[in-house]
């Protein structure tokens with residue numbers, strides 16, 4: 337098992353070695369099949385394939401099925417691109433919505449559902465608007481392949497001292513994307529609790545602001561990162 341050192345919140349992690357992405361140097365590569373899992377190098381992607389292939393094939397087949405239903409609109413692929421583009425924002429929003437700083441145990445029973453509506457735009461980051469958000473029980477997810485992937489991440493996260501996997505469901509009509517986020521222990525997370533997460537989510541998505549920096553209010557003022 338790879339060693340996962342303390343990881344800054346708001347950054348992507350290689351799903352094989354746990355390396356933290358530094359976009360200023362190089363962006364991680366997404367798996368071309370599921371468009372969700374990310375890797376720091378082709379070597380890590382190759383090593384991780386035996387673990388990832390089941391959920392990857394499953395996700396890819398769902399995407400193909402959605403294409404047949406929705407034709408050229410390709411909601412499923414746009415949804416995966418949306419999830420990738422807003423990865424940092426969605427992780428922060430989920431952390432705030434479930435109040436994990438104050439009640440870490442919420443991660444085991446609850447999930448965040450974000451409902452989207454499509455909109456016409458040539459900009460891939462502005463093809464959806466936020467319709468509604470809901471706190472839902474984790475039992476809302478009943479796909480055994482997805483559940484197994486979440487459990488795998490949960491075990492890995494807790495082995496590294498984290499509290500588990502935050503589950504975010506992004507949905508547009510009957511098409512959905514599950515985004516699992518491995519969360520550190522609250523004592524290792526510098527984010528404070530915020531009530532403006534919903535307005536922040538709306539603002540960033542409506543304006544296409546994908547380069548999101550989590551904000552916290554401290555005695556030194558508002559800090560970002």
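Residue numbers (this note's numbering): 337 to 561. Ideal placement from N, C-alpha and C gives every residue a C-beta, glycine not left out.
Using 8 Å as the threshold, is the C-beta distance between residue i and residue j below it?
| i | j | result |
| --- | --- | --- |
| residue 396 | residue 370 | yes |
| residue 499 | residue 517 | no |
| residue 452 | residue 467 | yes |
| residue 580 | residue 436 | Look at the range of the chain in this structure, 337 to 561, and you will see that residue 580 is not part of it. |
| residue 482 | residue 391 | yes |
| residue 454 | residue 505 | no |
| residue 349 | residue 356 | yes |
| residue 416 | residue 372 | yes |
Hey, quick one: how far does the beta strand (DSSP E) through residue i stretch, first residue to last?
| i | result |
| --- | --- |
| residue 364 | Neither: residue 364 is in no beta strand (DSSP E) and is coded neither H nor E. |
| residue 427 | Run containing residue 427: none in the beta strand (DSSP E); it sits in the alpha helix (DSSP H), 423 to 433. |
| residue 487 | Not the beta strand (DSSP E): residue 487 falls in the alpha helix (DSSP H), residues 480 to 495. |
| residue 376 | Run containing residue 376: none; DSSP gives neither H nor E here. |
| residue 501 | 500 to 508 |
| residue 314 | Limits of the chain in this structure are 337 at one end and 561 at the other, which puts residue 314 out of reach. |
| residue 513 | 511 to 519 |
Using C-beta distances below 6 Å, list every residue in its chain close to residue i, excluding the 5 sequence neighbours before and after it, in chain order.
| i | result |
| --- | --- |
| residue 434 | 442 and 446 |
| residue 428 | 550 |
| residue 419 | 506, 513 and 515 |
| residue 479 | none |
| residue 432 | 530 and 533 |
If I follow the unbroken alpha helix (DSSP H) through residue i, where does it start and stop?
| i | result |
| --- | --- |
| residue 541 | 533 to 543 |
My guess is that residue i and residue j are in contact by the Cβ rule of under 8 Å, so how many angstroms apart are they, rounded?
| i | j | result |
| --- | --- | --- |
| residue 546 | residue 461 | 5 Å |
Using a Cβ-Cβ cut-off of 7 Å (strictly less than) and excluding sequence neighbours within five positions of residue i, which residues of its own chain qualify?
| i | result |
| --- | --- |
| residue 503 | 447, 474, 477, 486, 514 and 516 |
| residue 438 | 529 |
| residue 490 | 500 and 501 |
| residue 440 | 499 and 522 |
| residue 534 | 469 |
| residue 430 | 448, 502, 504 and 517 |
| residue 538 | 466 |
| residue 544 | 459, 461 and 462 |
Suppose the cutoff is 8 Å on Cβ atoms and the five residues either side in sequence are ignored; what does the same chain contact list for residue i look like?
| i | result |
| --- | --- |
| residue 484 | 390 and 391 |
| residue 422 | 461, 540, 541, 546 and 548 |
| residue 393 | 369 |
| residue 444 | 474 and 500 |
*Start-end ranges of the alpha helix (DSSP H) lying completely within the region 437 to 479, minimum 4 residues*: 442 to 445
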